[in-house]
Amino acid sequence: NAGVTQTPKFRVLKTGQSMTLLCAQDMNHEYMYWYRQDPGMGLRLIHYSVGEGTTAKGEVPDGYNVSRLKKQNFLLGLESAAPSQTSVYFCASRKSSWRLYNEQFFGPGTRLTVL
Amino acid sequence: TQLLEQSPQFLSIQEGENLTVYCNSSSVFSSLQWYRQEPGEGPVLLVTVVTGGEVKKLKRLTFQFGDARKDSSLHITAAQPGDTGLYLCADGSHNAGNMLTFGGGTRLMVKP
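Each protein sequence line maps, in turn, to chains A and B. In terms of the working numbering, the first sequence opens at residue 81 and continues consecutively. In terms of the working numbering, the second sequence opens at residue 1429 and continues consecutively.
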């Protein structure tokens, strides 16, 4: 099992360019999440999905869009990149369960720089 | 909005020393998870605590959950260079997405 994978690992964009980050998981998890990590701020939730075809906003959704067309994939899009979106982006997944404290499994991250 | 504060933000120690890092919440935790993140990688779950007063041990790591479920601590005995990383606490939430709220983290460096 590869777990959670993210592509690309690194990317440099110019202001105004668009791009899509891909997250894939092979654990048959229902829930998937996109976070951004900035120095001293831990991880902040951008968007999440509780199942195929459903998405919802997290804490910092502005400037991002997501899609979950297949259960194993969760895409994060930046339509018009801004320097404030320079960050490290993490995808995570977890099982759907009555146990609220199920573990989230994280990908290795994508380091994005917007010039 | 719940706020999780972790302290200290940075800690640099020598191999063999003991240390404690803290996580405090502005409200009662639903459940409390500790993650460790090594450079260039995603966070990995270390432990989940749920019951007030709970103590869990993971080799040289001891996790305590406050009686009132508003604070937690992580104690490392005889730290090793392999313990270097970012330690994050996170609270699970009672909502449809079962989202986690993370603290800002404690960045630990253990020098040989």
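C-beta: ideal position from N, C-alpha, C; glycine also. All values derive from a computational prediction rather than experimental measurement.
- Among the residues of the stretch 120-141 of chain A, those with a Cβ less than 9 angstroms away from any Cβ of chain B are Gly120, Met121, Gly122, Leu123, Arg124, Leu125, Tyr128, Ser129, Val130, Ala136, Gly138 and Glu139, in the order of the chain.
- B:Ser1501 sits in a strand when the DSSP states are folded into three classes.
- When secondary structure is reduced to three states using DSSP, A:Ser177 falls in the coil class, being assigned neither helix nor strand.
- A residue is called buried once 16 or more other Cβ atoms fall within 10 Å of its Cβ, and A:Phe170 is buried on that count.
- Taking 8 angstroms as the cut-off, the beta carbon of B:Pro1436 is found no closer than this to the beta carbon of B:Val1456.
- Membership of B:Glu1433 in the beta strand (DSSP E) is indicated by the continuous run Leu1432 to Ser1435.
- For A:Leu125 against A:Tyr113, the beta-carbon gap comes to about 6 angstroms, under 8 angstroms, which counts as contact.
- At a C-beta separation below 9 angstroms, A:Pro188 has these neighbours in chain B: Gly1468, Glu1469 and Gly1470.
- Contacts between A:Phe90 and chain B, judged by CB atoms closer than 7 angstroms, are missing: the closest CB pair is about 11 angstroms apart.
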